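Heads up: the sequence shown begins at 7 in the numbering used here, then just goes up one per residue.
Reviewing the structure listed below.
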Amino acid sequence: LLSLIAIANVTDVILDNYTNYPDIEAYPAILYLSNMNLSEQLPYLKQYDGMFLIDTKYALPLAGLISHTLEVQVYAEIHGEKPEVGVVIGENDTSVTLIAFVDLACPFCAKLVNETLSKLDSLVNEGGISISYAFSPSPHMMREHALLQCYIKVTGDSSGYVKLIRILAEKLLDERRIISESELKTLMGSIYGASLNYTELDVCANTTGASIVKETISEASKLSITASPTIIVWNNRKNMGLIIEGYISADELMKVIEAISGLKIST
7 LLSLIAIANV TDVILDNYTN YPDIEAYPAI LYLSNMNLSE QLPYLKQYDG
57 MFLIDTKYAL PLAGLISHTL EVQVYAEIHG EKPEVGVVIG ENDTSVTLIA
107 FVDLACPFCA KLVNETLSKL DSLVNEGGIS ISYAFSPSPH MMREHALLQC
157 YIKVTGDSSG YVKLIRILAE KLLDERRIIS ESELKTLMGS IYGASLNYTE
207 LDVCANTTGA SIVKETISEA SKLSITASPT IIVWNNRKNM GLIIEGYISA
257 DELMKVIEAI SGLKIST
C-alpha cells in the first residue's frame with residue numbers, strides 16, 4: 007500500500023509518535039524519506055522537513071484506505087480550529103461537540119438523527135455535549151435546507167428545530183420520500199404556531215440560510231468529506247477531533263465520545 011501511494015519501492019517502515027510532528031494537523035499521516043523528489047510527479051505529496059508528507063487534506067480518504075486494507079477501523083484525526091458550521095444545539099462551553107454532516111434526502115442520515123443522536127438528548131440537556139447539525143445537501147435541495155436552518159434563526163426555538171429535524175427524518179424513513187418546500191413550511195407552522203413569520207423566513211433562506219448551507223458544503227469539501235452522514239467528534243479542550251464516515255449506533259458513538267474526551271459518560 008505504501009509503495010503504491012508513492013509509486014516507489016518502500017524498503018523500511020517506522021511507526022513514530024505524532025507528538026514528534028506538532029505542526030501536522032491531520033492523521034493518519036505518512037512521511038516518506040527518499041533521495042528522489044517524490045512531490046515532483048505526485049501533487050498529493052508535499053515537502054516536509056526533508057521528507058515528503060501526504061497532503062493532510064487527504065487524511066480522511068487515507069484513513070478509509072488503511073481501514074479497508076488492514077480490515078480494522080481507523081478514523082481520521084484533525085487538529086487546530088474547530089469547523090464552525092451548521093446550527094449548534096446545546097451549551098457553548100461543552101467539552102465535546104458533535105458536528106453532524108447530514109442531508110434531508112439521505113436515509114442513513116435520517117437513521118442517524120432518529121436512532122443515534124436522539125439517544126444523546128440527556129447529554130445535551132446536562133451540558134455534557136453539544137450537537138451541530140451541518141446540512142450539506144445536493145444542489146437541488148439547497149432551498150429546503152436553507153429554510154430549515156432559518157427556522158431556528160428566525161424563531162430561536164431550538165427544541166422545535168430538533169423536533170422538526172426528527173419529523174423530517176421519520177417521514178423519509180417511513181414514507182420514503184422527500185418533503186416539499188410547502189410541506190416544510192406547513193410543518194414549521196404546526197410546530198411553532200400561528201405567529202411564525204413566513205416572510206422573515208423566506209428572506210433569511212435567501213440570505214443567511216443559503217450562506218450557512220454553502221459554508222457547510224465548502225467546509226465539508228476542505229475536509230474531503232464526500233458522503234453523508236459524517237460526524238466529527240470534537241474535543242473542545244484539546245482542539246482536535248475524529249471523523250466518522252457513515253452511520254454509527256448510539257453505543258458505538260458513545261464509546262468514541264468517551265475515548266476522545268476521557269470522560270465516563272452513561273446515557
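All C-beta atoms, glycine included, are put in the ideal place defined by N, C-alpha and C.
Keep in mind that this is a model prediction, so the values were computed, not measured.
Distance, residue j Cα to residue i Cα
{"i": "L104", "j": "Q53", "result": "33 Å"}
{"i": "S124", "j": "M42", "result": "52 Å"}
{"i": "H151", "j": "T62", "result": "30 Å"}
{"i": "E121", "j": "C115", "result": "10 Å"}
{"i": "N203", "j": "V160", "result": "8 Å"}
{"i": "L71", "j": "E206", "result": "46 Å"}
{"i": "Q79", "j": "N212", "result": "41 Å"}
{"i": "L126", "j": "P28", "result": "33 Å"}
{"i": "K261", "j": "G134", "result": "14 Å"}
{"i": "T227", "j": "I218", "result": "First, the amino acid is wrong: residue 227 is Ser here, not Thr. Straight-line Cα distance between these residues: approximately 14 Å."}
{"i": "I185", "j": "A256", "result": "26 Å"}
{"i": "S40", "j": "N98", "result": "46 Å"}
{"i": "S73", "j": "M57", "result": "24 Å"}
{"i": "Y24", "j": "I36", "result": "11 Å"}
{"i": "E87", "j": "D22", "result": "24 Å"}
{"i": "I26", "j": "A14", "result": "Here the sequence assigns Asn to residue 26, which means Ile is not the residue at that position. Taking the straight line joining both Cα atoms gives about 25 Å."}
{"i": "V209", "j": "K220", "result": "16 Å"}
Proximity of residue i and residue j at Cβ, strictly below 9 Å
{"i": "P6", "j": "L110", "result": "Given that the chain is displayed from residue 7 to residue 273, the structure contains no residue 6 and the question cannot be resolved."}
{"i": "V108", "j": "Y157", "result": "no"}
{"i": "I95", "j": "S128", "result": "no"}
{"i": "L59", "j": "A12", "result": "no"}
{"i": "G4", "j": "A106", "result": "Because the chain spans 7 through 273 in this model, residue 4 falls outside it and cannot be assessed."}
{"i": "A216", "j": "M148", "result": "yes"}
{"i": "G252", "j": "T232", "result": "no"}
{"i": "I249", "j": "I238", "result": "yes"}
{"i": "L174", "j": "C112", "result": "no"}
{"i": "E225", "j": "P89", "result": "yes"}
Nonlocal neighbours in the same chain, by C-beta distance under 8 Å from residue i, ignoring five residues either side
{"i": "S201", "result": "none"}
{"i": "D163", "result": "Y157, I197 and Y198"}
{"i": "V16", "result": "L8, S9 and Y38"}
{"i": "Y64", "result": "Y50 and S230"}
{"i": "K191", "result": "L153, Y204 and L207"}
{"i": "V130", "result": "I95, G96, S136 and I137"}
{"i": "E132", "result": "none"}
{"i": "K117", "result": "A175, L179 and Y253"}
{"i": "L170", "result": "L154, Y157, L193, M194 and I197"}
{"i": "T273", "result": "Low confidence applies here, because T273 scores a pLDDT of 49, under 50, leaving its location unreliable; read the following figure in that light. These residues qualify, in order along the chain: K125, L126, S128, L129, A256 and M260."}
{"i": "E187", "result": "R149, E150 and L153"}
Distance between beta carbons of residue j and residue i, contact taken as under 8 Å
{"i": "R172", "j": "V119", "result": "6 Å"}
Cut-off 6 Å between Cβ atoms - residues of its own chain near residue i, not counting five sequence neighbours on either side
{"i": "L68", "result": "P34"}
{"i": "H85", "result": "E31 and M246"}
{"i": "L66", "result": "A82, S230 and I249"}
{"i": "G166", "result": "I197 and Y198"}
Buried versus exposed call for residue i [16 or more other C-beta atoms within 10 Å across all chains shown]
{"i": "V168", "result": "buried"}
{"i": "Q47", "result": "exposed"}
{"i": "I20", "result": "exposed"}
{"i": "S234", "result": "buried"}
{"i": "E176", "result": "exposed"}
{"i": "E181", "result": "exposed"}
{"i": "L259", "result": "buried"}
{"i": "L76", "result": "exposed"}
Sequence-distant residues of the same chain with beta carbon closer than 7 Å to residue i, five excluded per side
{"i": "S267", "result": "S101, V102 and N241"}
{"i": "R243", "result": "S101"}
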